[in-house]
Structure formats: structure tokens, C-alpha cells
Amino acid sequence: MTISVGILTVSDRSYRGEREDLSGPLIRQLVTGRLEAEVKLEAVVPDERNIIAGTLVVWCDEVGLDLILTTGGTGFAPRDVTPEATKDVIEKEVPGLAEAMRAEGLKVTPHAMLSRAVAGIRGGTLIVNLPGSPKAVREGLEVILPAIPHGIEILKGAVE
0 MTISVGILTV SDRSYRGERE DLSGPLIRQL VTGRLEAEVK LEAVVPDERN
50 IIAGTLVVWC DEVGLDLILT TGGTGFAPRD VTPEATKDVI EKEVPGLAEA
100 MRAEGLKVTP HAMLSRAVAG IRGGTLIVNL PGSPKAVREG LEVILPAIPH
150 GIEILKGAVE
């Protein structure tokens, strides 16, 4: 089963063209290199809760993606609202994914405990928040990617 993926970069500066998005392309590389996956959609949006949530809803409900990976907006900065936007749209939380990423990140830096990333399900779509830095994206994805195909299979009813 090929997993359909959306990559949503949340960054005011990247959205305005002031900083190159390095995390989105890295997510594409890791996901397509390690999973049977096809990236169907990619976008860069500003740190605006309603825009993030609206994009997630469209990608889940209208496009029907299997997996959406967000990057950015998971920290303490006043404009970091990706977890809140994600919670606005998910129907079920999947705390183990974010917990696993934080636990693995703590082996590298105590700052990993500052991540507010969440993961959850909307309809048939799994949404996972990743940090904004490429280094943290790589570390987080390396931890969760092995579990993603099985989770998607269960979500799609292919495995009970």
C-alpha cells in the first residue's frame, strides 16, 4: 500500500520568502526514501492558526491524504500555534508518536522536552507535528517512521 502524504511547513519567514524551507524537502526525502509513500501535496503557510487548521481540514476531508506531516510552530514563541491548530481539527489524539519523538530527542538535548508537538487522527488521516529545524525533523522522523505504515494500515481498515 502506497501512503499518500502531505507536507505542511509552518513558518512566517519561509512563507514571506525570507528564509528557505529546508525541513519540508528533508521530510520529502526521508518519507519517500524509507516508506512506500508518495508526496501528493506540499505547502508553506504562515503561523496563523486558522490557515493551518483550514489547510489540514482540506487535505484530510477533500483530498483524503493518509498522512500529513507538519514542520514548524511547535515551540514557545508567541506565534507558534501548530499544535493548537492541529488539536482544533483532530478527532483522536495519538500521544505515543509525539512522546516517542520527545523521548528520543532528550537523548540529544534537554531542549527536546520543550516541544509542544502533537499527533492525531482526523477521519482516515494521521497528522503529526514535527519541529521546525532540519536536525530535529530527522531525529523525530527516524523514531516514528517504522511505526507509520502499520498505523496507516489500521486506520484504513487493512489490519485489525
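In numbering that gives the first Met the number 0, the protein residues as written are 0 to 159. The beta-carbon is built from N, C-alpha and C at its ideal position, and this holds for glycine as well.
Cβ neighbour criterion (16 or more within 10 Å) applied to residue i
i      : result
Val57  : exposed
Val117 : buried
Ile153 : exposed
Thr108 : exposed
Gly5   : buried
Thr54  : buried
Ala146 : exposed
Pro148 : buried
Ala157 : exposed
Cβ pair residue i, residue j closer than 7 Å
i      : j      : result
Ala7   : Ala42  : A small correction: the amino acid at residue 7 is Leu; Ala does not occupy that position in the sequence shown. Yes, Cβ-Cβ distance for Leu7 and Ala42 is below 7 Å.
Val93  : Ile51  : no
Gly123 : Thr70  : no
Ala99  : Val62  : no
Ile2   : Ile126 : no
Arg12  : Arg18  : yes
Asn49  : Pro82  : no
Residue from the options with nearest C-alpha to residue i
i      : options                           : result
Glu138 : Glu19, Arg101, Lys86 and Val4     : Arg101
Pro45  : Tyr14, Ala84 and Lys134           : Tyr14
Ser22  : Gly72, Leu96 and Arg78            : Gly72
Leu25  : Val38, Gly16 and Ile147           : Val38
Leu66  : Pro82, Glu47, Val80 and Val30     : Val30
Leu68  : Glu103, Lys106, Val158 and Leu144 : Leu144
Val166 : Asp20, Gly16 and Met0             : Outside the displayed span of the chain (0 to 159) sits residue 166, for which this structure offers no information.
Cys59  : Leu140, Ala36, Thr85 and Met0     : Thr85
Spatial neighbours of residue i in its chain, beta-carbon cut-off 7 Å, leaving aside the 5 residues before and after
i      : result
Ile164 : Residue numbering for the chain in the displayed model covers 0 to 159; residue 164 lies beyond these limits and cannot be assessed.
Glu103 : Glu138 and Val142
Ala111 : Arg101, Gly104 and Leu105
Arg33  : Leu144
8 Å CB neighbourhood of residue i in its chain, flanking five on each side removed
i     : result
Phe75 : Leu113 and Arg115
Glu47 : Val80
Asp87 : Arg48 and Ala52
Arg78 : Asp11, Asp46 and Gly72
6 Å Cβ shell around residue i - same chain, five flanking residues per side excluded
i     : result
Ala97 : Ala116, Val117 and Ala118
- Going along the chain, which unbroken runs of the beta strand (DSSP E) with 3 or more residues stay wholly within the region 51-85? 66-70
- Task: Within the region 108-152, note down every full beta strand (DSSP E) run reaching 3 residues or more, in order along the chain.
- Result: 118-121 and 124-129
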